[in-house]
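Everything on this sheet refers to the single structure shown next.
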Amino acid sequence: MRLIALTLLGFLAGISAFFFGFYDTTVWEPMLLAGLVILLAFFVARPMIPTGAAAIAAGGLFGLGFWALASTGWADANDLAITEGARWILYGVFFMVLLYLLRDELSRCWLVGATAGGILVMAVYLLFRLLTDDQAVSDLFIANRLNSPLDYINGVATYLLAGFWPMVAVAERARNHFLRGAASFAAVQLLVLAVLTQSRGAVVAIIASTVLVIAVVPGRVTRGCILLAIAVGVGVTVPALAQVVDLGDGALAVDDLRSVVTMGLIGGLITGSAVAFGSWLASRANQRSPDFAYTLRVISGAGLAVVCVLALGATVVVAGSKSDQIRDQVDSFTELEETDGGSRLTSGGGNRYDYWRVAVHQFKNDPLTGISAGNYRQSYYQERKTSEDVQQAHSIELQTLGELGLIGGLALVAFVGAVGFGFWVTARGGRGAEAADPALAIAAGGTFLVWLFHTSVDWMHLLPGLTAVAICSAATLLPPLRAISGRRSLPAIVIVAALVALVSVPVLKQLRSLQLQNQAIEKLESDPREALAAARDSIRLEPSQRSYYFQAAALARLGLYEPARDSLLAAAENNPKDFVAWSLLGDLATRRGLDQAADLYYRRALRLNPRDPGLIRLAQDGSASP
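The numbering of the sequence shown is numbering that gives the first Met the number 0, which starts it at 0 and goes up by one.
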């Protein structure tokens, strides 16, 4: 039963891209409530606690969650802090449930394999659609970048790369030569599909994870040769990929995509055949002559070293010859220029620097506690230098520091540091009885590193399904749970039950409030009175901004201007930094014919969001100024 449960959990995490990574709060909050019940049942049946690095990792996750919930005490938007806290607790609960189920090497292999299997299902789906569907461009791509099935480009890249390192582990460590070749073939397909996303963060993630996996895990020569073979397989697709990646704003043709996929399959066959043959040759050499096998490894290592030196030298030469271009791209990054019409992968343009600048400013203003979980947007719209609408800092480290301060930062360091220590011990063995497991270190450690490095420059940690893949990897790298002695079990059960109740109450209230908001949306046009009742019930449960907006919309549809205005004024009082409430007040006054009042409301909204193009236009029409 344990293996079945682990397989289902891992596979569900792997295919979660088909469900937008469970990003919708009304999807993952029920999962949290179910997880709390399951964890409590496990604990009552067999009280166990994590030890060593696992305890530190669990403490980091739960520390982030409970500190985020505590930040409602100084939050402008309490509901956002509750959401963020509940999400971190979801990760902690999932981590603990996995530790309950993981007891031996076999269960760890099943979990990693099931997770990778789910990701491979996504890859097969994409390859099939690209080869057979004439609507693949319109259905799977946005702005010439692979966007499906997650509907978030960078997230698609992370999912694909999360399956890469398990394939490398199989290609390096499997006993069956055919299986090694098949895994190498799959690795090529995953990389080719990842390139189609044109995600620059994915490039950072794969390079950084490769450096660490090679540096930490023994067996570098074999791994280096496999990675080189995979690179050759991907290299076969470069001419076809260039037609897509360098297209810029041009029209993407389905024939170009099919050419990429076809060449990727050919490159994968070349790589798979080379790896399978090399594995067979090395095995035969070991059987016939250990000395010859040793000589073969030395020659392979020397050849690999030469290739690395040549590649490094070429990189230095190219970087030197293009130093002016590199400086221009750095300037594009810091000066918030748009990406040019060429390849995104070599462009430094974009708005990340602005997101990070605001997060750093938030941390400087409140270094100990932060601005409050989920409340990044509260000051972002006032401080931004672009017109980009975002809700988070696009960096797990900077978001944590800006929203939760040093206390939250320490909790994050505890989690990441503990998993990193587990990666090291799994790769090289511990001082005690811990035996090294290089294959697991490559598969799980590489996957976690891909997630970590990419979410350091993006918001993958806010996608529960994708983060579940990383949590699965983290759990396999850490030690199992330890049973609590009999006399201590009852107090521990009481404490855990109290914590479960403490978390469940705000989550249940928020979940019900969100359901009522959805009811209000559905009934707004057909039955405004029912929508009004749902909105008011939602406010009583959790006075969020959205509930006030829906209440005002229902009142306006009923022709009740003053109550609708009062509802929006209550929203503005509930969150003084919310420009949306003042914008809606301006819209309401405009429809009422109160132009002077509308001008004052738009002026107030513009002060809170001075770079919004719509507000600027409305302010100019009404002679307002920021």
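C-beta atoms are modelled at their ideal positions from N, C-alpha and C, and glycine is treated no differently.
Apart from the five residues on each side of it in sequence, which residues of its chain come closer than 7 Å, Cβ to Cβ, to residue i?
i      : result
Ala571 : Asp577, Ala580, Trp581
Met95  : Leu38, Ala57
Ala491 : Pro46, Ile483
His460 : Ile395, Thr454, Thr466
Met262 : Val235, Thr236, Ala239
Arg591 : Tyr560
Gly428 : Ala434, Ala435
Report the rounded CA-to-CA distance for residue i versus residue j, giving the unit in angstroms.
i      : j      : result
Ala76  : Phe42  : 34 Å
Ser503 : Leu145 : 38 Å
Ala417 : Phe362 : 24 Å
Ala482 : Leu100 : 14 Å
Gln377 : Asp78  : 13 Å
Leu139 : Ala252 : 12 Å
Leu31  : Ala497 : 16 Å
Gly62  : Gly401 : 16 Å
Trp109 : Gly9   : 8 Å
Gly117 : Ala12  : 7 Å
Thr131 : Tyr124 : 11 Å
Lys522 : Leu2   : 45 Å
Tyr354 : Asp365 : 17 Å
Val329 : His360 : Because the pLDDT at Val329 is just 43, under 50, the model does not fix this residue reliably, and the value given afterwards should be weighed accordingly. For Val329 and His360, the distance between alpha carbons rounds to 21 Å.
Thr454 : Ser394 : 6 Å
Lys384 : Leu607 : 13 Å
Leu226 : Pro505 : 48 Å
Ala40  : Leu5   : 17 Å
Val259 : Leu89  : 39 Å
Arg179 : Arg283 : 16 Å
So, using beta-carbon positions, are residue i and residue j closer together than 7 Å?
i      : j      : result
Ser183 : Thr50  : no
Ala530 : Leu97  : no
Gly34  : Val92  : yes
Gly162 : Val456 : no
Trp164 : Gly445 : yes
Gly267 : Gln188 : yes
Gln544 : Ala534 : no
Leu439 : Arg174 : no
Ala185 : Met166 : yes
Pro217 : Pro437 : yes
Ala207 : Phe21  : no
Phe447 : Leu60  : no
Leu480 : Lys508 : no
Ser272 : His176 : no
Val111 : Ala435 : no
Leu587 : Ala563 : yes
Arg635 : Glu171 : Absent from the structure is residue 635, since the part of the chain shown begins at 0 and ends at 625.
Ala469 : Trp450 : yes
Gln242 : Asp254 : no
Gly464 : Ser15  : yes
So is residue i buried or exposed if we call it buried at 16+ other beta carbons inside 10 Å?
i      : result
Ser386 : exposed
Leu462 : buried
Ala214 : exposed
Arg487 : exposed
Asp323 : Bear in mind that the predicted position of Asp323 carries a pLDDT of just 49, short of 50, making it unreliable; the figure below should be weighed with that in mind. With fewer than 16 other Cβ atoms within 10 Å, it is exposed.
Leu105 : exposed
Gln516 : buried
Leu617 : buried
Pro29  : exposed
Glu83  : buried
Under 8 Å by Cβ, that's how I've got residue i and residue j pegged, so tell me the actual separation to the nearest angstrom.
i      : j      : result
Ala597 : Gly585 : 5 Å
Tyr547 : Asn573 : 7 Å
Thr25  : Leu513 : 5 Å
Val274 : Ala228 : 5 Å
Ile265 : Val237 : About 12 Å; that fails the 8 Å criterion.
Ser70  : Thr368 : 7 Å
Leu126 : Arg257 : About 10 Å; that fails the 8 Å criterion.
Phe19  : Asp133 : So it is not a contact: roughly 25 Å between Cβ atoms.
Gly407 : Trp66  : 6 Å
Suppose the cutoff is 6 Å on Cβ atoms and the five residues either side in sequence are ignored; what does the same chain contact list for residue i look like?
i      : result
Ala193 : Ala156, Leu159, Leu160, Ala201
Arg556 : Pro527
Ala604 : Phe578, Trp581, Ser582, Leu614
Thr196 : Arg144, Leu145, Ile152, Val155, Ala156
Gly421 : Ala52, Leu476, Leu477
Gln391 : Tyr375, Gln398, Trp458
Trp73  : Ser371
Gly639 : Any question about residue 639 goes unanswered here, given that the chain covers just 0 to 625.
Closer than 6 Å to a non-hydrogen atom of the ligand ZN - does that hold for the CB of residue i?
i     : result
Arg86 : By its list of ligands, the structure shown contains no ligand whatsoever, and the ligand ZN lies outside what it can speak to.
Is there a Cβ from chain C that is less than 7 Å from the Cβ of residue i?
i      : result
Ile395 : This model lacks chain C altogether; it includes just one protein chain.
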